[in-house]
Amino acid sequence: MKRLLALSALTTGVLGMTNGCSPDQTNVFDESGNAYCEPAVTTIKYTGVGGTGQYSTVTSIDTAGSCAWAEKAYAGSLAPYDEEIGIIFRGPLKLRQFAAYSADSSASKLKKRGEERKAEKEKAKRSPRPSPHKRRYGHGHQHFHQHQKEKRGLGDMVTAVIDGQLVSWVNNYAGPTAAADAGAGADAAADTGSAGVNVGVSVDAAAEPTSTSTTAAPVSSATSTASDDDKDSVDSSDTSGEWARISHYNSEEKINDGMTFLTHPPWQNVLAYAGVSGIEQASEATCFGGELDNADELIIMTDSPCSEDVGTECAYFKDGDEAFHGFGGTKKAFFFEFQMPDSGTHCSVNEMESKYVADNMPAIWTLNAKILTDQYGCNCQATGCGELDLFEVLNPGNKRMKSTFHGNTGFDGGDSHYIERPFDKYMSAIVVLDDDTMVIKVLEDGTEAPKSITQAQIDEWTGKDNDTEVSNILGQLAIYAMASI
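Taken in order, the sequence shown gives residues -16 to -1, 1 to 469; the numbers are from mature numbering (1 follows the signal peptide of the UniProt record, and there is no 0).
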């Protein structure tokens, strides 16, 4: 039997190395051993994101909860992150705006069906009130999504070769450790080679390097944040862009188009409609109120049920369940305007691990939709179908937000550069996944979710426009040497 083994995953411990920081940055470690490059940056760019591999996916779940599995192969410039994904938020977090964009063929179908549903809702509002007789004999059926909440373990170790040196740091994500992931791939086809991801950052910052301590709450001034000159503005009124807006949310204006808010009811293996608070169960699709309490989690999917063909594969779900499509394709982008307030707890992640309470550790991340639609202990996460952390606070009270990939093609790690956590103001940001490239970029404060995005703007953000290329100052970020044993 052949097993793919990430050799660097055999080494544990945090090494005091530079982690690829640029010459004008300082390498620091927090209380939990996570490495950071100070000061904060405003743009992080990954290239070579996709790969070739396989993972185990659920094909059926019987009434006793037993799972049947099949191996699913994937390949492509963004694979497996080109599959349908859901967006997850963890509090304490305030979400003012969210929008999703797509330039894939599925975008037109999603947008058309979303507009049709919106028109149907408006028509229903204008319809005359039915007579008492009709009301008496009218029937409605309400179904909840039968999904499972995946807990995100704390304190897992991520190891990478950065600038030719082996580096490890403590991370926080749902799923097994790197060594466990290697074991889960025991039945995978034999392969020998390497996989790598390049990363570039925009390091033009106004701040001086800050202390390694993360326990003190930040001051209200903006002196510790990256320069506003490095943040892009966007024409929010342009509707001619090739990247169509397929989902849009605004908490202040109570806009909720093309998307569904979902939650995990306590002690239930289901995924239900979320109420205004984002955590309580609702009987129908409801507009989120905009604030998530400490450690509460909220999920966003499209508003297209899996019964509709939108051009991308909907994840497996049990007979009788309701399920929604996630955001699929190789050309998708997500706009966020959010704030991550300080709930007051400040300590190392090890002090929180035994309690399994993600206290004062807000995050925004994505999961393969198959992870969300299956049940506890019965989904594809352990075998590497893909998780992508976008803005994740790794220990209680930390002021830094990191990004990390979790897959199974040899790259399972992230970058030591970070974006500063917006404690007391709303931050606007865009995340672009375009073929083999992912960019996380901070925009000007107060930016509105654009009605569409042009390919020229995408190329500028991703550096594909030669005039505005994001320099790849770190070279080869992470290479896992893969060996057949």
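Just so you know, even glycine gets a beta-carbon here, dropped at the ideal spot from N, CA and C.
(message) For a quick check, are the C-beta atoms of T314 and L94 less than 8 Å apart?
(response) Counting from one through the sequence shown, the residue named residue 314 turns up at place 330. Counting from one through the sequence shown, the residue named residue 94 turns up at place 110. Not in contact: T314 and L94 (Cβ atoms no closer than 8 Å).
(message) Using the three-state DSSP reduction, which class does A299 fall into: helix, strand or coil?
(response) Residue mapping note: residue 299 aligns to position 315 of the sequence shown, counting from 1. Residue state, collapsed to three classes: coil.
(request) Helix, strand or coil for W349, going by three-state DSSP, please let me know. (result) Numbered from its first residue, the sequence shown carries residue 349 at position 365. Looking at W349 - three-state DSSP - the assignment turns out to be strand.
(message) For M345, which residues in the same chain have their Cβ closer than 6 Å to its Cβ, ignoring the five residues on either side in sequence?
(response) Within the sequence shown, residue 345 is the residue found at index 361, counting from 1. The answer, listed in chain order, is V377 and P380.
(message) Rounded to the nearest angstrom, what separates D449 and Q441 at their Cα positions?
(response) Counting from one through the sequence shown, the residue named residue 449 turns up at place 465. Counting from one through the sequence shown, the residue named residue 441 turns up at place 457. So the alpha carbons of these two residues sit roughly 9 Å apart.
(request) Inspect the beta-carbon positions of E22 and T10 and report whether they are closer than 8 Å. (result) Start at 1 with the first residue of the sequence shown, and residue 22 comes out as number 38. Start at 1 with the first residue of the sequence shown, and residue 10 comes out as number 26. Contact flag set, yes.
(request) Buried or exposed for A87, please, with buried defined as at least 16 other CB atoms from any protein chain shown within 10 angstroms of its CB. (result) Numbered from its first residue, the sequence shown carries residue 87 at position 103. A87 is buried by the Cβ-count criterion.
(request) Can you give me the start and stop residues for the alpha helix (DSSP H) that D293 sits inside? (result) The residue given as residue 293 occupies position 309 in the sequence shown. Per DSSP, D293 belongs to no alpha helix (DSSP H) and is neither H nor E.
(message) Quick check on the DSSP output: what are the complete beta strand (DSSP E) runs of length 3 or more inside the region 8 to 87, in order along the chain?
(response) 10 to 13, 19 to 22, 27 to 31, 36 to 45, 51 to 59, 69 to 74 and 77 to 86
(message) Which residues does DSSP list as the beta-bridge partners of R384?
(response) In the sequence shown, counting from the first residue as 1, residue 384 sits at position 400. E404.
(message) By the three-class DSSP mapping on this structure, what secondary structure does N253 have?
(response) Here residue 253 is taken as the residue at index 269 of the sequence shown, counted from 1. N253: coil per DSSP, three-state reduction.
(message) Just to confirm the assignment, what range does the beta strand (DSSP E) spanning N392 have?
(response) Within the sequence shown, residue 392 is the residue found at index 408, counting from 1. Note, N392: premise wrong, no beta strand (DSSP E); not H, not E.
(request) Can you tell me which of the three DSSP states L94 falls into? (result) Walking along the sequence shown from the start, residue 94 turns up at place 110. Looking at L94 - three-state DSSP - the assignment turns out to be helix.
(request) Can you tell me which of the three DSSP states D449 falls into? (result) Taking the sequence shown and counting its residues from 1, one reaches residue 449 at position 465. Three-state result, D449: coil.
(request) Please name the residue, chosen from V254, R405, E292 and T247, that lies closest to T270 on a Cα-to-Cα basis. (result) The residue labelled residue 270 in the question sits at position 286 within the sequence shown. Nearest C-alpha to T270: T247.
(request) Write down the C-beta distance between T446 and V426 rounded to the nearest angstrom, noting that I regard them as a contact closer than 8 Å. (result) Translated into the one-based positions of the sequence shown, residue 446 becomes position 462. Translated into the one-based positions of the sequence shown, residue 426 becomes position 442. Wrong, their Cβ atoms sit about 15 Å apart, outside the cutoff.
(message) For the structure I just gave you, are there three or more beta carbon pairs, one from the region 398 to 411 and one from the region 280 to 299, closer than 8 Å?
(response) no
(message) Checking 8 Å against the spacing of the C-beta atoms, do Y233 and F73 come in under that value?
(response) Taking the sequence shown and counting its residues from 1, the one referred to as residue 233 is at position 249. Taking the sequence shown and counting its residues from 1, the one referred to as residue 73 is at position 89. The answer is no: Cβ separation not under 8 Å.
(message) Checking 8 Å against the spacing of the C-beta atoms, do A307 and T357 come in under that value?
(response) If you number the sequence shown from 1, residue 307 lands on position 323. If you number the sequence shown from 1, residue 357 lands on position 373. It is a contact, given that the beta carbons lie within the stated cut-off.
(request) Would you grab the beta carbon distance between I348 and L374 for me? Rounded to a whole angstrom, and I think it's under 8 Å. (result) Mapped onto the sequence shown, residue 348 falls at position 364. Mapped onto the sequence shown, residue 374 falls at position 390. Yes, I348 and L374 are in contact; Cβ-Cβ is about 5 Å, under 8 Å.
(request) Specify the secondary structure class of D418 as computed by DSSP and reduced to three states. (result) For the purposes of this step, residue 418 is taken as the residue at position 434 of the sequence shown. D418 falls in the strand class under three-state DSSP.
(message) So the candidates are I230, Q365 and E321; which of them puts its Cα closest to the Cα of L77?
(response) Residue 77 sits at position 93 when you count from the first residue of the sequence shown. Out of I230, Q365 and E321, E321 has the C-alpha closest to the C-alpha of L77.
(request) Hey, could you find the ends of the beta strand (DSSP E) M285 is sitting in? (result) Indexing the sequence shown from 1 puts residue 285 at position 301. Per DSSP, M285 belongs to the beta strand (DSSP E) from E281 to M285.
(message) Just verifying my parser: in three-state terms, what is the DSSP assignment at Q149?
(response) What you label residue 149 is simply residue 165 of the sequence shown in a count that begins at 1. In this prediction, Q149 has a pLDDT of 45, which is less than 50 and means its spatial position is unreliable; nothing more can be read from the coordinates.
(request) Run the CB neighbour count on P64, radius 10 Å, all protein chains shown included, and call it buried at 16 or more, exposed below. (result) Within the sequence shown, the letter at position 80 stands for residue 64. P64 is buried by the Cβ-count criterion.
(message) Spatial neighbours of E297 within its chain, please: C-beta separation below 8 Å, excluding the five flanking residues on both sides.
(response) Mapped onto the sequence shown, residue 297 falls at position 313. Within the same chain, E297 has close Cβ partners E67, E68 and G312.
(message) At the level of alpha carbons, what is the spacing between S178 and K29?
(response) Here residue 178 corresponds to residue number 194 of the sequence shown, with the count starting at 1. Here residue 29 corresponds to residue number 45 of the sequence shown, with the count starting at 1. Because S178 carries a pLDDT of 34, less than 50, the predicted location of this residue cannot be relied on, and the following value inherits that uncertainty. Taking the straight line joining both Cα atoms gives about 20 Å.
(request) Could you spell out where the alpha helix (DSSP H) holding N334 opens and where it closes? (result) If you number the sequence shown from 1, residue 334 lands on position 350. V333 to E337 is the extent of the alpha helix (DSSP H) around N334.
(request) For N240, collect the residues of the same chain with a Cβ closer than 7 Å to its Cβ; drop the 5 residues on either side in sequence, then sort them by chain order. (result) Translated into positions along the sequence shown, residue 240 becomes position 256. So the qualifying residues of the chain are Y233 and C271.
(request) Report buried or exposed for P96, applying the criterion of at least 16 other Cβ atoms within 10 angstroms of its Cβ. (result) Reading the sequence shown from its first residue, position 112 is the one you call residue 96. The sequence shown places Lys at residue 96, rather than the Pro named in the question. K96 is exposed by the Cβ-count criterion.
(request) Starting from the Cα of Y300, find the closest Cα among C364, G262 and A228 and give me that residue. (result) Here the question's residue 300 lines up with position 316 in the sequence shown. Y300 has its Cα closest to that of C364, out of C364, G262 and A228.
(request) Please report the Cβ distance between S231 and A84, rounded to the nearest whole angstrom; I am assuming they are in contact, meaning their Cβ atoms lie under 8 Å. (result) Position 247 of the sequence shown, counted from the start, is the residue given in the question as residue 231. Position 100 of the sequence shown, counted from the start, is the residue given in the question as residue 84. About 4 Å separates the two Cβ atoms, so the contact holds.
(message) Let me check one thing: in DSSP terms, what residues is H265 bridge-paired to?
(response) As a first step, residue 265 must be located in the sequence shown, where it is residue number 281. Checking the sequence shown, residue 265 turns out to be Gln, not His. BP columns for Q265 point to A258.
(request) Assuming V183 and A279 form a contact by the criterion Cβ under 8 Å, report the distance between their Cβ atoms to the nearest whole angstrom. (result) Numbered from its first residue, the sequence shown carries residue 183 at position 199. Numbered from its first residue, the sequence shown carries residue 279 at position 295. Not confirmed; about 30 Å, so no contact.
(request) Measure how close the beta-carbons of A52 and T43 come, nearest whole angstrom, since I'm counting them as under 8 Å. (result) The residue given as residue 52 occupies position 68 in the sequence shown. The residue given as residue 43 occupies position 59 in the sequence shown. The pair is a contact, with the Cβ atoms about 5 Å apart (cut-off 8 Å).
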